[in-house]
Each structure stands twice: as structure tokens, then as C-alpha cells.
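As you go down the protein sequences, you meet chains A and B in turn. Just so you know, we're using the working numbering here: the first sequence kicks off at 4 and counts up by one. Just so you know, we're using the working numbering here: the second sequence kicks off at 4 and counts up by one. Don't be surprised by glycine CBs; every beta carbon is placed ideally from N, CA and C. Scroll down for the structure; my scribbles are underneath it.
Number of protein chains: 2
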Amino acid sequence: MKKISESAVRRLSLYLRLLQEADAAGAETISSGELAERGGTTSAQVRKDLSLFGSFGKRGLGYSVQELLSRIRSILGLQSRWRVALVGAGKLGSALFSYRDFEARGFNIRAVFDSDPRKVGTQWGGLGIRADEEIDSVVRAEEIDIAIVAVPADAAQQVVDRLVKAGVRGILNFAPVRLKVPRGVALKNVDVTLELEGLSFALNTR
Amino acid sequence: MKKISESAVRRLSLYLRLLQEADAAGAETISSGELAERGGTTSAQVRKDLSLFGSFGKRGLGYSVQELLSRIRSILGLQSRWRVALVGAGKLGSALFSYRDFEARGFNIRAVFDSDPRKVGTQWGGLGIRADEEIDSVVRAEEIDIAIVAVPADAAQQVVDRLVKAGVRGILNFAPVRLKVPRGVALKNVDVTLELEGLSFALNTR
DNA sequence: CGCCGCTTGTGAAATTCTTCACAAGATAGG
DNA sequence: CCTATCTTGTGAAGAATTTCACAAGCGGCG
């Protein structure tokens with residue numbers, strides 16, 4: 004199997020959303036050109052991306068919205084739900100937790116952790132907040148695959164070490180630090196400051 | 004002036020953070036190799052990135068931490084503060100607002116908007132929440148450069164249209180939609196679902 | 001049935017990004 | 001002053017990604 008670039012995966016994920024919108028709008032079929040237009044790319048790019056995984060379209064017609072939806076879901080591994088833990092019950096954690104769109108897209112938050120003893124034990128939508136020390140046992144018991152890390156920068160590496168030790172295989176990190184994870188564990192970072200600085204650069208150079 | 008790739012800018016931003024850490028740790032000087040190691044890249048990459056803007060190092064010695072800090076700040080346009088508006092005073096907006104790290108990095112939130120009449124008028128850390136209808140006048144009066152959009156997907160385009168009309172030149176969008184902005188307006192997206200799906204793909208293919 | 005208009009899938013070309021590799025500057029030590 | 005050791009800056013090579021361009025499949029219509 005050849006290597007799939009990160010940007011190709013991002014775009015697939017984007018196509019998935021566009022397809023869901025098209026589906027909701029009642030479209031039966033969609034062309035690479037329409038997808039490109041709505042996704043801000045080119046039709047050749049769309050076709051190339053899809054061709055990495057097979058040929059799903061019909062010449063002259065385009066793609067069946069239903070079929071492409073299910074193909075992309077399967078490519079991205081979204082057929083079944085992922086079991087997710089959220090670490091950090093601060094404001095960001097709370098915002099993420101209440102963002103119920105995750106649920107709809109197959110990410111099921113099954114545990115919440117925080118280091119603050121005053122928060123531990125309180126209920127969040129039917130889920131009791133656990134102490135960081137319980138990460139190992141709870142993650143194992145709940146068979147968590149993915150963790151969302153929303154703790155301060157100086158606590159993040161320790162939390163991640165615990166998560167990895169407990170068997171988590173994917174981490175989405177919101178703390179502004181470069182985390183170390185062993186190979187075999189997937190890591191993605193969301194760094195708002197970095198994006199703002201990107202805007203600053205763009206505004207600065209013109 | 005030649006074109007600078009998005010990834011190069013991201014890395015500069017990363018180097019900036021690493022330099023701040025090195026500075027806090029008391030380092031006077033730093034080599035491309037050290038930066039690379041801490042930033043998860045290669046020394047050639049670091050040197051190439053920096054060489055796009057000039058030659059800031061001393062052979063045999065490396066880079067002066069202080070000088071490189073100020074050079075990168077100036078490249079990224081962070082010498083002066085940016086005037087920022089936050090649109091959307093929900094949970095995410097609240098999390099972003101209270102993340103005072105922005106302030107430290109030169110992004111000064113000067114206005115908060117929300118469409119909910121019950122929120123309008125309440126105070127957030129000394130700032131009164133304004134109605135979306137006021138975007139035009141307030142953004143002009145406050146000379147806002149950058150807006151952070153943290154509203155539901157179906158409201159985002161309308162908000163952005165207003166912001167753009169009022170003269171905002173950079174937008175950081177958290178809503179899961181592909182926004183349309185005129186050329187000349189810089190747009191960055193933070194899409195958590197997309198990142199989670201990227202993790203799903205990574206976990207799925209092995 | 002045959003032609004026409006549309007759209008896919010994909011090699012090949014073009015472009016962009018990363019890595020290599022090395023001359024040359026800088027310092028320290030004898 | 002000379003040598004040994006670092007580390008930069010940068011053309012050139014290599015790799016990856018995007019765009020081009022076109023043959024070929026498909027459906028509709030006369």
C-alpha cells in the first residue's frame with residue numbers, strides 16, 4: 004500500500020462533510036467539479052485523491068453521493084465508533100465536551116479526567132470526572148483508543164505519557180507544546196496561537 | 004519577494020516558541036540542530052526556512068537567541084499588537100477569551116459579539132458583549148484587524164460577510180464550514196472534527 | 001443505432017518542498 | 001599563527017504533490 008499524504012487525508016475528510024451536505028440537500032449524485040468548487044480545490048485534485056483508494060465514479064455521471072459517503076467513511080475508519088477520553092475539564096475541555104457533533108461523527112467520549120481534586124467526582128452529562136491518577140485503569144477498562152488533551156502546556160507531557168502507557172493509540176493535543184510520543188502512536192496538534200501567527204504573517208506581508 | 008509556503012510559516016512560528024523556551028532557560032545561543040531536535044524537524048530544514056528571510060547565524064556558533072527571537076517576531080509581524088474581535092460568546096468563545104496567552108503573544112481582544120440578546124450587554128472581563136448587528140460600527144471604531152469566529156456553522160458565513168464588510172483582514176474560523184472570503188482577506192480554519200478523522204485514518208490503516 | 005455532451009481515471013509534466021553535501025566563516029587551544 | 005572542530009548558508013539533487021490533458025466510458029436523444 005502506497006503512502007497517503009496528510010493533506011490528502013484532510014481533503015477526504017472535507018469531501019465527507021461536503022457529501023453529507025449534498026446528501027442533506029437531496030443530491031443523488033455529484034461530480035468531482037462540484038466537490039472541488041465547494042471544497043475550494045480542483046476537480047483533478049478530487050479525482051486524484053479518490054483514485055488513491057479505488058474508482059468509485061461513473062464516467063459521464065459523477066459519483067453516487069451515497070456510495071461515496073460510505074466509501075470515504077470506510078477509508079477514514081469511521082464505520083464504527085471510536086472510544087475517546089477527554090483529559091482536562093477546564094473551559095476548553097468543557098467546550099469540547101459539549102460539542103455534540105463529535106458524537107454524530109463517531110467519536111464517543113467515555114471518560115473525562117482532571118487533576119483538580121475539587122472537580123474530581125462531579126458529573127458531566129452523566130459521566131463522573133476522574134483523577135489523572137486513574138488514567139491507567141480507566142483507559143484500560145473502557146478500552147479507550149483516542150485521547151483529547153486539553154490541559155496546560157506544562158502538564159501535557161506527563162498526561163500523554165500516562166495515556167500512552169495505558170494503551171491509547173491516538174492523541175489530539177491542544178496544549179501549545181511539542182509532545183513526544185513513541186512511534187505507533189498517532190499525534191495531532193491543534194495550536195490556535197500558531198494559526199493566529201499565520202494570519203499575522205499574511206497580514207504583515209502585503 | 005518569493006512565495007513563502009504555509010508550512011514554512013508554521014515552522015517559523017514553532018521556532019519562535021522554542022526560542023522563547025530556550026531564552027527562559029537562559030540560553031544565549033542555539034544551533035539549527037538544537038532547534039530541529041526540539042521542533043521535530045531537521046537542521047537543514049531550519050536553516051532553509053531561516054535563509055528565506057536572511058542570514059541570521061554565525062558559522063561555528065549558531066544563532067543568537069535574542070536576535071533570532073526578534074527577527075522571527077518581525078518576520079511574522081508580531082512587533083506590534085493586533086486588534087482582535089471575538090464573535091460567538093458560547094463555550095468555545097469563552098474558552099478562547101479566557102486563554103490569556105493570546106495577549107502575551109500580541110493578540111489583543113478588543114470586542115466580543117454574540118447573537119443571543121440575553122448575552123448582549125453582559126460583561127466579560129471588562130468588555131461588554133455586543134450584538135452581531137453592531138459588528139460593522141464597532142469593528143470600524145476599534146480598528147479591528149483580525150476576527151475569531153466561534154459561532155455555529157450555519158451562522159458563520161453571515162458573520163464573516165459582516166466582518167469583511169467592516170474591514171477585517173484576517174479571520175480565524177472555528178466553525179466546520181468552508182467559508183467564502185474575497186481575495187485579500189486571509190482565512191485560517193481550525194477544525195477539530197477534521198483532526199479527529201485524521202487520527203481515525205491513522206489508527207485504521209495499520 | 002449512432003452521435004453528442006459530459007465526466008471519470010490516470011500517465012506524464014510541472015511545480016513545490018525537503019534533504020543532501022560541502023565550501024567557507026568562526027572560535028578555541030596550543 | 002596554525003590546526004582542529006563547529007556550524008552556517010546554499011546550490012543541486014531528490015522526493016512529493018499538484019496540475020495538465022486526454023482516451024475512454026456512460027447516458028440521452030433523435
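Problem set entry | Burial state of B/R186, where buried means 16 or more other Cβ atoms lie within 10 Å | Within 10 angstroms of the beta-carbon of B/R186 lie fewer than 16 other beta-carbons, which makes it exposed.
For this session: Would you list, in sequence order, the uninterrupted beta strand (DSSP E) runs of no fewer than 3 residues that lie entirely inside the segment 56-124 of chain B?
Result: For the segment 56-124 of chain B, whole beta strand (DSSP E) runs of length 3 or above, ordered along the chain, are 65-67, 85-90 and 110-117.
Exercise. Is DSSP giving A/I147 helix, strand or coil here?
Worked result: Reduced to three states, the DSSP call for A/I147 is coil.
For this session: Indicate whether at least one CB of chain A lies closer than 7 Å to the CB of B/V49.
Result: Interface with chain A (7 Å Cβ-Cβ cutoff): B/V49 is excluded.
Problem set entry | Distance between beta carbons of B/I149 and B/L175, contact taken as under 8 Å | Indeed, because the Cβ distance is near 7 Å, the residues count as touching under 8 Å.
For this session: Please compile the residues from chain B whose C-beta is within a distance smaller than 9 Å of the C-beta of A/W85.
Result: Within 9 Å Cβ-Cβ: L199, L202, S203 and L206.
Problem set entry | Per DSSP, cross-strand counterpart(s) of B/V152 | DSSP output for B/V152 lists B/V90 and B/N176 as bridge partner(s).
Problem set entry | Residue-chain proximity (B/K6, chain A), Cβ-Cβ < 7 Å | Not closer than 7 Å to any Cβ of chain A, the Cβ of B/K6 fails to qualify, so no.
Exercise. Where in the segment 17-46 of chain B do unbroken runs of the beta strand (DSSP E), each at least 3 residues long, occur, reported from the N-terminal end onward?
Worked result: Counting only runs of 3 or more, we get nothing.
For this session: Alpha carbon to alpha carbon, how far is A/A114 from A/W85? Give it in angstroms, no decimals.
Result: Going from the Cα of A/W85 to the Cα of A/A114 covers about 12 Å.
Problem set entry | Cα-Cα separation, A/A88 to A/V142 | For A/A88 and A/V142, the distance between alpha carbons rounds to 8 Å.
Exercise. Quick one: what's got a C-beta closer than 7 Å to A/L95's C-beta in the same chain, skipping five residues either side?
Worked result: Same-chain partners within the cutoff: A153 and F177.
Exercise. Taking Cβ positions only, does B/R143 come closer than 7 Å to chain A?
Worked result: B/R143 does not count as touching chain A.
For this session: With A/A189 as the anchor, note down where its beta strand (DSSP E) starts and where it stops.
Result: It spans A189 to N192 - the beta strand (DSSP E) in which A/A189 sits, taken as one unbroken run.
Exercise. So A/E9 and A/V68 are in contact, right, with Cβ under 8 Å, and what is the actual spacing, rounded?
Worked result: So it is not a contact: roughly 26 Å between Cβ atoms.
Exercise. So B/G201 is in the beta strand (DSSP E); what residue range does that whole segment cover?
Worked result: No beta strand (DSSP E) holds B/G201; the alpha helix (DSSP H) holding it covers V195 to N207.
Problem set entry | Beta-carbon spacing of B/A169, B/I132 below 7 Å | Remark: C-beta atoms of B/A169 and B/I132 do not approach each other more closely than 7 Å.
Problem set entry | CB contact below 7 Å: B/A30 versus chain A | No, because no Cβ of chain A sits closer than 7 Å to the Cβ of B/A30.
Exercise. Excluding sequence positions up to five away, which residues of its chain have a Cβ less than 8 Å from the Cβ of A/V188?
Worked result: Sequence-distant partners of A/V188 (beyond 5 residues in either direction) whose C-beta falls short of 8 Å from its own C-beta, in its chain, are V167, V171, R172, G173 and I174.
Exercise. DSSP on A/L53, reduced to helix/strand/coil?
Worked result: Taken through DSSP and simplified to helix, strand or coil, A/L53 comes out as helix.
Problem set entry | Straight-line gap, A/Y102 to B/Y66 (C-alpha atoms, nearest Å) | The straight-line gap separating the alpha-carbon atoms of A/Y102 and B/Y66 is approximately 44 Å.
Problem set entry | DSSP-derived helix/strand/coil call for A/L166 | If DSSP states are grouped into helix, strand and coil, A/L166 belongs with the helices.
Exercise. If you pair each beta-carbon of the segment 55-63 of chain B with each one of the segment 49-64 of chain A, do three or more pairs fall below 8 Å?
Worked result: Verdict: no, contact absent.
Problem set entry | Positions along the segment 149-163 of chain B whose CB lies within less than 7 Å of some CB in chain A | Flagged, chain order: I149.
For this session: Please confirm if A/T45 has its CB atom under 7 Å from at least one CB of chain B.
Result: So, not an interface residue.
Exercise. Is the shortest distance between the beta-carbon of A/T125 and the beta-carbons of chain B less than 7 Å?
Worked result: For A/T125, the answer is no, since every Cβ of chain B falls outside 7 Å of its Cβ.
Exercise. What residues of chain B sit near A/G42, judged by a beta carbon separation below 9 Å?
Worked result: By Cβ distance, chain B contributes R181.
For this session: Return the residue from the list B/P155, B/A47, B/R165 and B/A158 that minimises the CA-CA distance to B/I147.
Result: Nearest option by C-alpha distance: B/R165.
Exercise. Can you tell which of B/L81, B/Q48, B/D117 and B/V123 has the C-alpha that lies nearest to the C-alpha of B/F105?
Worked result: Ranking B/L81, B/Q48, B/D117 and B/V123 by CA distance to the CA of B/F105 puts B/L81 first.
Exercise. Considering only the beta carbon of each residue, do A/A156 and A/V193 sit closer than 7 Å?
Worked result: Not a contact, by the Cβ cut-off of 7 Å.
For this session: Evaluate contact between the segment 48-55 of chain B and the segment 7-22 of chain B, counting only Cβ atoms and requiring at least three cross-stretch pairs below 8 Å.
Result: Three or more Cβ pairs closer than 8 Å define a contact, and the segment 48-55 of chain B meets that threshold against the segment 7-22 of chain B.
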